Every structure is written in structure tokens, then in C-alpha cells.
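Structure first, commentary second.
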Amino acid sequence: MHLIIAEKNISANRIAGILAGDEKVRAVKDGSVSTYSFDTKTVVGLKGHVVEVDFEPGYTNWRSTVHTPRSLIDAGTVKKPTEKKIVGLIQKLAKKADLVTIATDYDTEGELIGKEAYELVRAVNKDVPVNRARFSAITPQEIRQAFANLTEIDFALAAAGEARQTIDLMWGASLTRFISIAAKRGGTNILSVGRVQSPTLAMIVEREKEIESFVPETYWMLSLATEKDGTAVEARHTHGKFDDHAEALAAEERTREPLTVTAIKEGQKTDRAPTPLDTTSFIVAASRLGFSAANAMRIAEDLYMNGYISYPRTDNTVYPKSLNLNGILQTLRGTDFDKDVAWVEKNRRPVPTRGKKETTDHPPIHPAGAATRQALAGDRWKIYELVVRRFLATLSPDATWATIKCTFDAGGEPYTATGGRLIDPGWRRVYPYSEAKENILPTFTVGERLPIHGIQLEEKQTQPPPRYSQSKLIQVMEELGLGTKSTRHEVIGKLVSRRYVQGNPLRPTLVGRAVTDALDNHADTITEPEMTRTLEEHMQLIKEQQRTREDVITESREMLHRVFDELEAHEQEIGGEIMEQTAEEHTLGPCPVCGEDLRIRHTGASQFIGCTGYPDCRFNISLPGSMWGRAIRVEEVCSEHTLAHVRLIRKGAPPWNIGCPLCSHIKSNVEALGMMPGMTDDIRERLRARHIYAVYDIAGMKPEALAEAAGVTETEAEMLIAEAGEVLNVLRRRSELRKFLRKIVPPRRGRSHAKIFAKLLDEGIGDIRSLSGARASTLKKAGISEAEAEELLTTSREICHERTLKEAGVPAVSLKKYREAGITSPDAFCLLPIPYLASRTGLNPETVYKHVEKVCEHLDRPVPLKITKGSYERGREDLLAVPGIGETTLEKLLLAGIYDKATLRNADPDQTAAITGIPAATIRTLIANLT
DNA sequence: GCAAGGTC
1 MHLIIAEKNI SANRIAGILA GDEKVRAVKD GSVSTYSFDT KTVVGLKGHV
51 VEVDFEPGYT NWRSTVHTPR SLIDAGTVKK PTEKKIVGLI QKLAKKADLV
101 TIATDYDTEG ELIGKEAYEL VRAVNKDVPV NRARFSAITP QEIRQAFANL
151 TEIDFALAAA GEARQTIDLM WGASLTRFIS IAAKRGGTNI LSVGRVQSPT
201 LAMIVEREKE IESFVPETYW MLSLATEKDG TAVEARHTHG KFDDHAEALA
251 AEERTREPLT VTAIKEGQKT DRAPTPLDTT SFIVAASRLG FSAANAMRIA
301 EDLYMNGYIS YPRTDNTVYP KSLNLNGILQ TLRGTDFDKD VAWVEKNRRP
351 VPTRGKKETT DHPPIHPAGA ATRQALAGDR WKIYELVVRR FLATLSPDAT
401 WATIKCTFDA GGEPYTATGG RLIDPGWRRV YPYSEAKENI LPTFTVGERL
451 PIHGIQLEEK QTQPPPRYSQ SKLIQVMEEL GLGTKSTRHE VIGKLVSRRY
501 VQGNPLRPTL VGRAVTDALD NHADTITEPE MTRTLEEHMQ LIKEQQRTRE
551 DVITESREML HRVFDELEAH EQEIGGEIME QTAEEHTLGP CPVCGEDLRI
601 RHTGASQFIG CTGYPDCRFN ISLPGSMWGR AIRVEEVCSE HTLAHVRLIR
651 KGAPPWNIGC PLCSHIKSNV EALGMMPGMT DDIRERLRAR HIYAVYDIAG
701 MKPEALAEAA GVTETEAEML IAEAGEVLNV LRRRSELRKF LRKIVPPRRG
751 RSHAKIFAKL LDEGIGDIRS LSGARASTLK KAGISEAEAE ELLTTSREIC
801 HERTLKEAGV PAVSLKKYRE AGITSPDAFC LLPIPYLASR TGLNPETVYK
851 HVEKVCEHLD RPVPLKITKG SYERGREDLL AVPGIGETTL EKLLLAGIYD
901 KATLRNADPD QTAAITGIPA ATIRTLIANL T
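Structure, rendered in C-alpha cells:
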């Protein structure tokens, strides 16, 4: 069998189709992996890299004192499968193969992916010959050519890729760990560092600093308005920007009628048709239509998978000779673009346009199949149309403009006006995405005199450089060689998810800034694009076999060690600076009580807003627990309290906007305060003026302090404090009920917990106790099913029983024993005989008596007679001596309160029979057997 | 828990 390994499933499928010719291809899906077989050949697709490099085992603990961040530099690496199913299938097929051909993409990374596949094959089959097919497009011609001229894997090329892998891992992982540990950050808050992400972040930070330090300069622009044949014309002073106001004023002063035409220069300008799309120019074009980089790529990948466009990850801006341009035009015939295609066919330029970059991996992005507006709704259609129109534009003639430049004189001051008219729209007919702005001037003649309708001296300011938009950043990254066509947009996503940058255009956060500053000061190798350039040079040398992979990696190791010398010497300082700089990220604004900063505090599962004046100032605002999301500061500031708004963010959930935390705090306490009978509007206002907003705060106050703050007597204050305590209890019980409901009743469409809870509250059910006494019909009205109601009632009863017993004073250890004996309700304590309880639980009857006494008194029920341990044990012995009484019978008798000879002798046989289930006649016999 | 690179 001849095994052919392609880079991805789609390639495998198409390669099989081409090589099979007229023969039928058998597609077999084994789990999620497809194979394509014909004749004696089987083609299978990888998923890009199916193995990944990682450190050898033993380096997983970040806080290890042996395996420190620095130790990662010299740690060994291993390759581990990430796509186990594919790896498994490749090895299964490789065992049976008598020839293996690697048919991955024709670039460095493709060669490495091929070598990884080769290693997987070798691991299970030592002898099978392995060769390589190289093609730069999956077209019948290229593929047949490649398979007719099979070559060998280029191990030097693959080694260049491996050097990159190792160097990226050791720099990235060691620095990420070092800086995260220094700044005491873990979990989802780690501070990542990498060869591509760090220089990218640094650019955004640097731009922000330029903007901040920008000092605008004032300048003046002088222009005048004139007119000919009813057409208004604006002419600008040829001096352009005036830096000197006096000079501008003097020029304005001298400007006077008549305005004389001094020269006219006419010309023509060609407006080049756009070049074929590579990934970057595609992202730029899509961003003009309002698509984010990630979204544009997601849609393009989708269109590619469905056969509408070609592979969207390419660096190529030149159509390869093998690309059948006429065929593509033919495909687009009869679609929405029919007229445009016909026009292009008729007016086609001799050679398609070409961009600056030409590579061998994939052709530029072009249409691959016909689609209808109906089949591709909305955004997908917009992207498809963009690709189609761009393709058409690259085959269309250039546009031509007629230009005119007219110069004037006004009192010795020179002015000029320029005009442009599109005389041949060319490619613009089929590619309407950039507007052709015409400015048509009236026909002037030299020497002609014109009126001046107004002179304008405009004061302007120089502008700071703009922030990077996503597409601009991707363009700059490409210029600097940072990242690849496939990863640039993901890098931006990574910076966002690490909370280093936000918004579009991109702005750095304080964390992003702090990390960049720290790296800039102590490890600037990693923040410079230079590192990538050097790496690429080294990779080139490896490809040319002038250097080895090991040699390059060793050099990089030594450099990284030197970086660590510097970092470790300043660990405290680096960590301290990052923590200090980022503290502001949690600062919301002034404390209403003392004016110090209010700050979000995270402590494990709980989070709250506290005052930096603590412990002198104890003002604080509680926040929902971290399970609802991590509290972060947002841009908006409350105009009333000058506090930044707060938002809870959680993965996979929409953000919970709390808004101004103080407004929210006040609002959420309005209802609770209203639940206090003694609370009046007056008191509330006075308390609010003292920044006392919550029932919780009132409950914790001293009567004197409250009396003073609320303007009431101390007696009234005491009452208010007691009321506040009671309200807190009610609220606590409510929240307990809420939690309980959530545990048992799952939320469903149209019945949120909030809804159920509100309905129950309407019915007067505000805690677990009232729920345990509720009717099933009431629960049903609240949207709870019968089975759920049953469970709610049983469970809530159990909880209430246990709570009553605890309240009565039964210790928890004993409660456990009762529970194990199946004795759970307070009624059981009051009604069951003490000897029975003692026997079932194994507890001392005197102890049981104490418990029963407590429960009965708590419930206001009569307390039964006490039984001593001695009489209990004697009675037991005596009864077991009576013929016919064994352990089982005794247990039953205990239930009827019979625990010794006397109680048995005095028992009513019929009644005892009813309780114990022992026949009355048997009981009579037992009594008769008493001696 | 870390990078960057493939692909989905």
C-alpha cells in the first residue's frame, strides 16, 4: 500500500481526486478522521501539527525551587501527540505501507509537519521508504508533476522549523513564569511573554506613550473662496502651513482682488488596479467593510471549507502560472456577477496585476466556486463578494484621471486649486469599495480675473499619531516580520484575553504597560522585533546547512541565561513595579467617607470594594462572589460619586454590569431598609449624608453612634439596631432559600430562579421553613414540577427538623447517631419511648432523656418520665430471661414503652399488639410467663 | 497554568 500524508483533510481529499483520475475514490471515515483510497494508494490528511514540543516531565510546578523558571532554559524537550486519533491512524496505516509520501505544504512549517509525520511512521516501521512531493498549488497539473518527480524530505529545512519551536518555547515559558511569579500572579491572571506577542504589545504601548507626550502645535491655513459660472471654488495659499501667526496675518492682509489666473497645468494620472489578496491585504480590505481581523478570518475559513474561496492563509500576492484564471471567470458566469464578469472578459488587461510578495505555499485568495446571495446570508456574502470583486479588479484595466492644477495671484499672494476627473473608471467599475472622489474645476483661462468671496484664516493644531487599528497593526506586524499569516490576528486576540490591550483602535491597559516597561528595562531582547529577524537569519543558515539546529539553539540558550542574570538580580524591583503600576487598575475613586482610594479587593472566592484608608476607615461595599465573575473596573465614571463603574466578567457568560458600585449599593439597600418598621425617610436621608447605606452597617452600630447619626434618641436607636438585625435574619433566610432552590430546581426556558423566587415570595414563602409547610399546589403555581415539589418538601422538612433539634440543644454528634437510626423529626423525640430511642441509637438512656427533655421543652410539649441507666439495663436483662423474648421481640416491645417486668405486666395486650405488631395472644403468653 | 505554529 502506498500511504500519502497531506497537511490537512481537504488537501488529502483533493489530492486523491486528482491522482485517481477516472478511478473511483473510496472515502472512509474512521471516527473523525477520513482516508481516501484508490488503486493501492491511501491518502490521509493531518491537522497541521499533530504533535507539539513541551518540556520533559518534571517541570509542571511553577513554584518548584529546583525547577525554577531559569531551569527551563536547559530543560530537555519531548514531542507529544496533540491529535491522538490522527497519530494513531497514521501509525496503523504506516505498519502496512510499502511506500510513504509526504505531501504537506511547500514551506518551512510544512516541511516540519512532514518531518513529524515521518517520525511517526519511522517509530512503527523502520524500513519503509519515505519520500516527499512538492507542489505550490493543488491543481491537477502541479500535483501530477509533483508525484512524477518525487524527492526527499529536506531535513535541514525541517530543522530550521524545529529550532524556532524550541527557542520560542524556552524563551516564552521561562519568561512567562518568571514575570508572573515576580508579580505574584497566577491562574487566569498570568503575565505571558513571547517572541511575537511582546514586541506587538510594545508597539501598542509605545504608540500610546507618543500620544500622551504629544505636544500639539498651532498652525494656520489660509484659503479663499471664488466662483466661476456659478461653481464655487476653494483655493489654498501655496505656502501651506503657516507656523507664524503674524506671517499668516500679513499674507491674509495682502490678499485682495482681483484674483488672476496665472497658470494652468493639465495632466493625466493612472490609478493602478489593486493587487491580488494575501491574508494581510484581505484583512485590511475586510476591515474597511467593518469586519474585525478575527471575524474576517473566521468567515474566510468558513467560505474556504465550503469551497467558495481558495485557501485564505497565504503570503502570496502573485497568481501562479498554474492558476486557471479563465476557468475561474467561467465559474462566476451566471451568478450575481454575470455582468461584471462579462465586462472584465471584454476589457481584460493583458497580464493580471501582481503584488510585491511571491511565495510557493498557496496562491493569492481568489474565488473557487459560485455562490448565490441567498445561500450566503449577510456577512458571508459580503466577504465572498469582496473576494470575487477583488479578483475581477486584478484582471481589469487601470483607471485614468484627468488632473488639473490652477495657480492664482491675489495682491501678490499665490494661491492654487487642484481638480481631478475620472475619465476611465477601469477596475473601479467592478470594485466599488474605495470611493473615487472627483473634484471638477470650471474651465479657467490664463489672465482671467475672478472675484474673491471670502478669505479664511483657519487656526489648526497638529495631531498626535493615531492608535493602531487591528488591521493597521497586522500590516505593521507583517512589515516587521512578526507572526505569520495564520497567527497575526490570533496574537491580537491573545493580548486582549491577557487583558494587556483593549478596544479598537487598540489601547494598552495598565498591566500591558507595566509588563512592557519591566521587559524593556530588564529583558529588551524579547520586546524587539529584532529577535524575530535574527531568528529568521539563523533559520536561513540552518536551511543552507551552514549552521546546525543545536548550534543555533545553544547560542540562544546562552543569550537567555544572560537575560536571566539581569532579571534575577532585579526580581523584587520588577515584581514591585508591576504590582504598583497595576494597582490603579483596581482603584475606583475617592472613598465617600474619608477621601482615600476605594479599591476592588479579591480574596479567593470573595471580592469586595474596600478603602485604602483601612483600618482607620472601614467603609466597604460588598460584591457578588467570584463565582458570578471577576470584578473589574471599566471606563465609565459615575458623575454623582466620581467612582469608576464595575463589571463582573466570567468565561462563557455575558458580563454583569454593576455600574457605579455606590449607586448600586444604595439601590440594593433601599428595599432592605424599607423592611425596618422604624425606618423613616428622614432617618434614611440623615444616614445617607453620613454614608451609612446598608442595613448591615446599622445592625453593627453602637446605639450612641446611631442616635447621633440618625438624630434619634438612644432608645429609638436601640430599636432600630434590633430591627436591622431582624431584617438581616430575614434576608439571610431568603438567600438560604434561594440557594436551596437552585440546588434542587434546575433553571429552564421561561422559568428563571428569580421568577420562581419572586412568586414564592408573593405567596409568603421566604425561607426554608415556610417552604417545608407549603402546599404542593402553591409550588406548582410557581412553575415547579410535581417531582421537584416532592423533593423540595421532603428535603426542606429534613433540614427544618434537624434545625429544630439543634435549636433545642441536641448536640451535633448525637444528632448524627439519631439520624443513622432513622430518627429525624422532633415529633419522634417527643412521642417515642426513651428506652426505644436508647436501644436504637446505642446512647445512654439518661443522655437520651436529657435530649428528649430539651426538645419537649423547646416545643412546649409534656416531658416523659426519666429512666435511669440502671433500671434500663436491669429491665433488659430480666425481659431477655423471660421465655419467648429474644432481641427482636424486645426491640418491638420497647417501641410500646415496655422495658422491664413491671411495664410488661401492666401492658394492655391489645394496644401493645397494635403498636408492636406482635399478636395479642403471644403478648398474653409472655405476661403469663413472668414469674 | 507558559510560546508560536499548524488546522477546524
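In UniProt numbering, the protein residues as written are 1 to 931. Every residue gets a Cβ at the ideal spot worked out from N, C-alpha and C, and that includes glycine. From a predicted model like this one, the values you see are computed outputs, not experimental measurements.
Among the residues of its own chain, which have a CB less than 8 Å from the CB of residue i, if the five just before and after it don't count?
i      : result
Phe135 : Ala103, Tyr106, Glu142, Ile143, Gln145, Ala146
Lys24  : Phe38
Arg686 : Ala709, Ala710, Gly711
Leu737 : Phe757, Leu760, Ile765, Gly766, Asp767, Ile768, Leu771
Is residue i helix, strand or coil when you go by DSSP?
i            : result
residue 933  : With the chain running from 1 to 931 in the structure shown, residue 933 is simply not present.
Lys184       : coil
Met676       : coil
residue 1007 : The question about residue 1007 has no answer, for the chain in this structure spans 1 to 931.
Leu150       : coil
Lys869       : helix
Gln165       : helix
Gly610       : strand
residue 943  : It is not possible to answer for residue 943, since the shown part of the chain is limited to 1 through 931.
Tyr311       : coil
Asn189       : helix
Phe178       : helix
Pro320       : coil
Arg354       : coil
Ile918       : coil
Arg380       : helix
Thr462       : coil
Got a sec? Which residues, its chain only, sit under 7 Å from residue i by beta carbon, not counting five neighbours each side?
i      : result
Glu234 : Ser223, Ala225, Ala417
Glu345 : Leu329
Arg549 : Ala159, Glu162, Ala163, Ile542
Ser11  : Gly45, Ile138
Please go through the same chain and pick out, in chain order, the residues whose beta-carbon is closer than 6 Å to the beta-carbon of residue i, but skip the five residues on each side of it.
i      : result
Val646 : Ala631, Ile658, Pro661
Arg769 : Cys800
Ala436 : Leu422, Arg428
Arg861 : Cys830
Val637 : Ala644
For the beta strand (DSSP E) that contains residue i, what are its first and last residues?
i      : result
Thr42  : 41-45
Arg618 : First-last for Arg618: undefined, no H or E at that position.
Pro81  : 77-81
Ile102 : 99-103
Asn131 : 130-132
Given a cut-off of 8 Å on the beta-carbon distance, is the pair residue i and residue j in contact?
i      : j      : result
Val563 : Thr525 : yes
Glu7   : Gly88  : no
Ile153 : Val128 : no
Asp336 : Arg373 : yes
Ala672 : Leu731 : yes
Lys228 : Pro464 : no
Gly187 : Thr275 : no
Gly725 : Lys755 : no
Ala371 : Tyr308 : yes
Pro833 : Gly875 : no
Ala518 : Glu566 : no
Val100 : Ile5   : yes
Ile474 : Val515 : no
Arg195 : Trp171 : yes
Can you name the start and end residues of the alpha helix (DSSP H) that residue i belongs to?
i      : result
Leu930 : Premise fails: Leu930 is in no alpha helix (DSSP H) and is neither H nor E.
Asp597 : Note, Asp597: premise wrong, no alpha helix (DSSP H); beta strand (DSSP E) at 597-603.
Item to check | Minimum length 4: unbroken alpha helix (DSSP H) runs contained in the region 623-674 | outcome: Counting whole runs of 4 or more residues, the region 623-674 contains the alpha helix (DSSP H) stretches 661-674.
Next on the checklist: Please give the ranges of any alpha helix (DSSP H) in the region 476-504, keeping only runs that are unbroken, at least 4 residues long and fully inside the region.
Outcome noted: Qualifying alpha helix (DSSP H) stretches, in chain order: 488-497.
Item to check | beta strand (DSSP E) runs wholly inside the region 396-460, at least 3 long, in chain order | outcome: If we require 3 residues or more, the beta strand (DSSP E) runs fully inside the region 396-460 come out as 399-410, 413-424.
Checklist entry - Can you list the alpha helix (DSSP H) stretches of 4 or more residues lying completely in the region 2-72, in chain order? => result Listed in chain order, they are 9-20.
Checklist entry - Which ranges would you report for the alpha helix (DSSP H) in the region 714-793 if only whole runs of at least 4 residues count? => result Runs of the alpha helix (DSSP H) inside the region 714-793: 714-744, 753-762, 768-772, 776-781.
Item to check | Continuous alpha helix (DSSP H) assignments of at least 4 residues falling wholly in the region 509-593 | outcome: Runs of alpha helix (DSSP H) with 4 or more residues, each lying fully within the region 509-593, are found at 510-522, 530-543, 549-569, 571-583, listed in chain order.
Item to check | alpha helix (DSSP H) segments (min. 4 residues) lying fully within the region 221-295 | outcome: Listed in chain order, they are 245-254, 279-288.
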